[in-house]
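So the sequences go chain by chain: A and B. Counting from 623, one number per residue, gives the positions in the first sequence under the working numbering. Counting from 6, one number per residue, gives the positions in the second sequence under the working numbering.
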Amino acid sequence: MKKQREPSKEQSLKDPQKRQSLLDFASIAMGGLLVSALPGMVRAAGKNDALQRLKSSVVGAVVEKNTTFYEPWRRSMIWQYRKFERYPDILVQAKSEDDVVAAVNFARDAGMKITTRSGGHSWSGCYLRNGGVLLDVSQFQGVEIEEKSGIARVGAGVLGRSLNEQLATKGLAFPTAHCGMVPISGFLLGGGLGWNSTAWGGMSVFNVVGIDVVTAEGEKLHANEKKNADIFWAARGGGPGLFFTVTRFHLKCHPLPQAITTDTYFFHYSELASVVSLMEDVGPGIDPNLEMLTVIIPTFPELSQKCSGSECDRVVALAASAFAKAPADARNMLAPIAAHPVTKNAQFVIPDRPTPFEVLYQDNEGPFPQRRARADNIYTNRAANTVPALSKYMLTAPSTGNTPVILWRGDLKFPDAAYSSTGRFYLAGYAQWDNEEDDFANQQWLREFYDEMQPFASGYYINEFDRETRSNMTSACFAPPNWEKLKTLRAKFDPDGVFHEFLEV
Amino acid sequence: MTIAKFIFGVMLTLSPLASWASDDSADDLKVKVAKDLYAAFSRNDMPAVLSLFSPDVVFKFHGPEELVPQAGTYKGHHGVAQFFARIGENFHISEIGQRLFSVEGNVVAVVGWENGVSKTTGGQYTANWVHLLTIEDDSIIHFEEITDSGAIIEALAPANVARGEAFYATCLACHGVEGQGQQGMHAPRLTLQDSDYLLQQLRNFRQMVRGGVQDFYGWQMNGRANALPGDRALRDVVAYIETLPDTYATDDVIGNLKRGQSIYESSCASCHGQAAEGNPALSSPALGGLDGWYQLEQLKKFKTGVRGEHQEDLFGAQMRAAVNVLQTEQDMNNVVSYIMTLTPRK
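In structure tokens:
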């Protein structure tokens, strides 16, 4: 059923009635031939043997810098609209594990560095480096679910929404990222602050029971707690500084909560400090299967009508989602928040809303569309102390899409792994805007905002850490011994430094 | 101060204004000639267009002549007609607008833009331009067009499969490595579909004619379609999709086949074809390539007005009206179950 391409019709013309325009009226046969603006795809000649071997052995795409289609490929590697001025020498889109092996072997033999991207869903474009190989594993889309054991074997390029939709058919669920379009790979390798994280492992990566990797030596390995345990240790949190490529994750899934239910309270902006104090009050006592977060968002008609005076353009929203087995359980889990006196100050409440994963994804993705974006964060045990800085920077935000998110985490303990940063609260700041000319204002705003948050930091989540302006602080995303061990393991498993280290800008 | 001195002073003060006023009206006349030109152009009145040019006019369109067919220098009325003929041969200009008219001496500078489409490639463009009209005695003696010829060259570039493959890297996690679609991402199969239909939908997503935050999966497409750098990239990615192997629907929809067939034949087949093969002439997509779950999702969107409500989505509006024949969800199941029997399987 493949068709020869014919010249397209101009379906989208504003006024189809006027297609026979003046121009047709004046038409005389002039015989103008068109010449393509682009030359054909030309591969530079005289490449070394390693490159020839790479090209002949890789089934997927190999794209060199300074060739015709390099820039379309490079730009396609990045989800957001900021395309980052960093240029790898070669892009390889792998179709198989053997392609990954070929790419790693090429990098090693050619004395180049390599790094990996799965879906490119990054705030800082950490996988885009100057020089070396960028290995794209987004085509690794397989999902195999063992219903009985609750184990899913999932390709590195699979998106969170897809995973949970497929798991749901087997009555299972996984703590993916809060936005369903985030691929699992980078998310998990940086720890993964996912849905219902307090109950589901603290960080999503602690639901990973095994990984399939390709090492710097080009060797395919399986790693878990017992086998290749050091690699498994590093993969659980080593994130964008890892010294191997993960092609597949073996995930321990959870029974799908049948009654995910959300209460949302909307407050006047001046209530921010009270809402944070509510979180401080109720947090320690709530069920770990209750996720509680506060976000500052632009107002909406029901609320703007009730608001008078200043700060009517934004509201404080407190959302609590119970990952419950049954509606009655959900009500019990949500009760401590409903009973807190501060909720009486809410101007608008949406109670008892059934929020299956798909609704949760949509709630989160609606306010975070594809734009120009940056993020930064701290973990803190003292959220109340951050309120003055939060208030100050919300008032000076250069874009209406800029918002902090305050998430209750609790007192979490993790298994021994590279991931080792925590605090009772996660406090992320997001900047999102549309125009390149506003890049600097938003960068400065976020930088200064989080400079003022530093005194309250107990740690940092590397996946949303501003690695462009704070790359010299990357070690702070790890407990000091874990950082040291990560360096030791890198020296052991990748002594020649085939894999790029953490991004330094 | 004597009265005479006062009057003289007032005259001195006012004289520049008087001179400006006189210049203003001369300028107004020149701007009127320019505006008459665009008005004549807009009503397809070529004799009126030519009447505004001096018989000796020099008409220059800047740009590389080997890449932009209308670039070059033209002389006299014959030359101007030749210029418009070249444009007519290569493009449809759907909209033309002017932002600013500015006069200096006998030159009117007009800042404007046009939307056009290449007749060769179907590529759409918006080109910003400046026209410099030198006007003497209400007649244009010299015309220069300085335009964003890069935008025109992009529209003239044939769709390129290899470039499209690069852009497809942003599609595959939802639509599948082979364009087979993925229910988990609510992303339809892209193969077995007419490429013009795919291109039109990509343009709709890019221009917010389809999607929006109330159409959640469309909202995701709004972001992705706009991440592609221009209309040419849309054509490239559709050209790549055309090269993907045919894949076939694997799901079934349970419904009453007989009732479904009755609805389909009386209300759907005239646009979508007896075999659900689609009709590019009517911009009706092939349904035979789509999975049942996706057809049901779209029918519900048309039914609720989530899709097909935008005033520029003319074909969507037709479907929005047509879907009224489906009174209930059972009707939808019935008709889709019948369409699935028309769907090629392998």
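Cβ atoms here follow ideal geometry from the backbone N, Cα and C, with glycine treated the same way.
Give the secondary structure of VAL780(A) by DSSP, where H, G and I count as helix, E and B as strand, and everything else as coil. Secondary structure of VAL780(A) (DSSP, three-state): coil.
Separation of LEU292(B) from GLN300(B), as counted between CA atoms: Approximately 8 Å between the Cα atoms of the pair.
Does the pairing of the region 109 to 120 of chain B with the region 78 to 95 of chain B give three or more beta-carbon distances under 8 Å? The region 109 to 120 of chain B and the region 78 to 95 of chain B do not touch, with fewer than 3 CB-CB distances between them shorter than 8 Å.
Whole angstroms is fine: what's the gap from PRO910(A)'s alpha carbon to ASN818(A)'s? If I take the Cα positions, the gap works out to 8 Å.
What residue range does the beta strand (DSSP E) around ALA114(B) cover? It spans 112 to 123 - the beta strand (DSSP E) in which ALA114(B) sits, taken as one unbroken run.
Assigned exposure category for ILE3(B) - 16 Cβ within 10 Å defines buried: Nothing can be reported for residue 3(B): it is not among the residues displayed for chain B, which extend from 6 to 351.
For a quick check, are the C-beta atoms of GLU1086(A) and ALA1050(A) less than 8 Å apart? By the CB criterion at 8 Å, GLU1086(A) and ALA1050(A) fall inside the cutoff.
If you draw a straight line from the C-alpha of PRO349(B) to the C-alpha of GLN279(B), how long is it? The straight-line gap from Cα to Cα measures roughly 13 Å.
Between MET190(B) and chain A, is there a C-beta pair that is closer than 8 Å? MET190(B) counts as touching chain A.
Residue-chain proximity (ASP1118(A), chain B), Cβ-Cβ < 8 Å: ASP1118(A) does not count as touching chain B.
Going by beta carbon distance, what residues of the same chain come within less than 6 Å of LYS928(A), once the five residues before and after it are set aside? Contacts found: GLN969.
Judging by CA-CA distance, which residue of ASN231(B), PHE221(B), LYS263(B) and LEU295(B) is the nearest neighbour of VAL340(B)? Distances from the alpha-carbon of VAL340(B) to those of ASN231(B), PHE221(B), LYS263(B) and LEU295(B) put LYS263(B) closest.
Any heavy atom of the ligand GTP closer than 7 Å to the Cβ of SER272(B)? This structure lacks the ligand GTP; in fact it carries no ligand of any kind.
Counting Cβ pairs, one atom from each stretch, are 3 or more of them under 8 Å apart for the region 183 to 193 of chain B and the region 153 to 170 of chain B? Too few Cβ pairs lie closer than 8 Å, so no.
Contact with chain B by ALA716(A), beta-carbon distance below 8 Å: No, ALA716(A) lies away from the interface with chain B (no Cβ there is under 8 Å from its Cβ).
Let me check one thing: in DSSP terms, what residues is ARG996(A) bridge-paired to? Assignment of beta-bridge partners to ARG996(A) by DSSP yields ALA1053(A).
Which value, in whole angstroms, describes the spacing of the CA atoms of HIS83(B) and GLY235(B)? Rounded to the nearest angstrom, the two C-alpha atoms are 35 Å apart.
When DSSP builds the beta bridges, which residues end up paired with THR131(B)? As DSSP reads the structure, THR131(B) sits in a beta bridge with ASN120(B).
Can you name the start and end residues of the alpha helix (DSSP H) that TRP1030(A) belongs to? Annotation: TRP1030(A) is outside any alpha helix (DSSP H); the continuous beta strand (DSSP E) that includes it extends over 1025 to 1030.
Going by alpha carbons, who is nearest to SER1093(A) out of GLN674(A), GLU1126(A), VAL780(A) and GLY753(A)? Cα-wise, what sits closest to SER1093(A) is GLU1126(A).
Assuming contact is defined by CB atoms lying nearer than 8 Å, are LYS1136(A) and VAL964(A) in contact in what I supplied? Any question about residue 1136(A) goes unanswered here, given that chain A covers just 623 to 1127.
Flag this pair as yes or no: are the beta carbons of GLY682(A) and GLN761(A) separated by less than 8 Å? For the pair GLY682(A) and GLN761(A), the CB atoms are nearer than the 8 Å cut-off.
Any beta-carbon of chain A closer than 8 Å to the one on GLU170(B)? At a cut-off of 8 Å between beta carbons, GLU170(B) contacts chain A.
Taking three-plus beta-carbon pairs below 8 Å as touching, is the region 820 to 840 of chain A in contact with the region 864 to 873 of chain A? These segments touch.
In this structure, does DSSP put ALA45(B) in helix, strand or coil? The answer is helix: DSSP assigns ALA45(B) an H, G or I state.
Which residues in the same chain as ALA53(B) place their Cβ atom closer than 6 Å to its Cβ, once the five residues preceding and following it in sequence are excluded? These residues qualify, in order along the chain: ALA45.
Below 8 Å, can you find three or more Cβ-Cβ pairs linking the region 267 to 279 of chain B to the region 221 to 234 of chain B? With a cut-off of 8 Å, the region 221 to 234 of chain B and the region 267 to 279 of chain B do not count as touching, because too few Cβ pairs lie within range.
Whole beta strand (DSSP E) elements within the region 811 to 840 of chain A, 3-residue minimum: Within the region 811 to 840 of chain A, the runs of beta strand (DSSP E) at least 3 residues long that lie entirely inside it are, in chain order, 830 to 837.
Of the residues that make up the region 1041 to 1060 of chain A, which ones have a beta carbon closer than 8 Å to any beta carbon in chain B? The region 1041 to 1060 of chain A vs chain B, Cβ under 8 Å: nothing.
Looking at chain B, is there any beta carbon in it that lies within less than 8 Å of the beta carbon of TYR703(A)? It does: the Cβ of TYR703(A) has a partner Cβ on chain B nearer than 8 Å.
Here's the rule I'm using: 16 or more other beta-carbon atoms within 10 Å means buried, otherwise exposed. How should PRO250(B) be labelled? Exposed, since its Cβ has fewer than 16 Cβ neighbours within 10 Å.
If you measure beta-carbon to beta-carbon, which residues of the region 731 to 757 of chain A are closer than 9 Å to chain B? If the cut-off is 9 Å between Cβ atoms, the region 731 to 757 of chain A has SER740, GLY741 and GLY742 near chain B.
Taking a cut of 7 Å between CB atoms, which residues from the region 769 to 789 of chain A lie near chain B? Listed in sequence order: GLY779, LEU781, ARG783, SER784, GLU787 and GLN788.
Cβ of GLY859(A) within 8 Å of Cβ of GLY816(A)? No, they are not a contact pair.
When you compare each of GLY1023(A), LYS705(A) and GLY754(A) to TRP745(A) by their alpha carbons, which one comes out closest? Comparing Cα-Cα distances from TRP745(A) to each of GLY1023(A), LYS705(A) and GLY754(A), the minimum goes to LYS705(A).
Which same chain residues end up closer than 7 Å to SER289(B) when comparing Cβ atoms and leaving out the 5 residues on each side of it in sequence? Same-chain partners within the cutoff: CYS276, HIS277 and GLY283.
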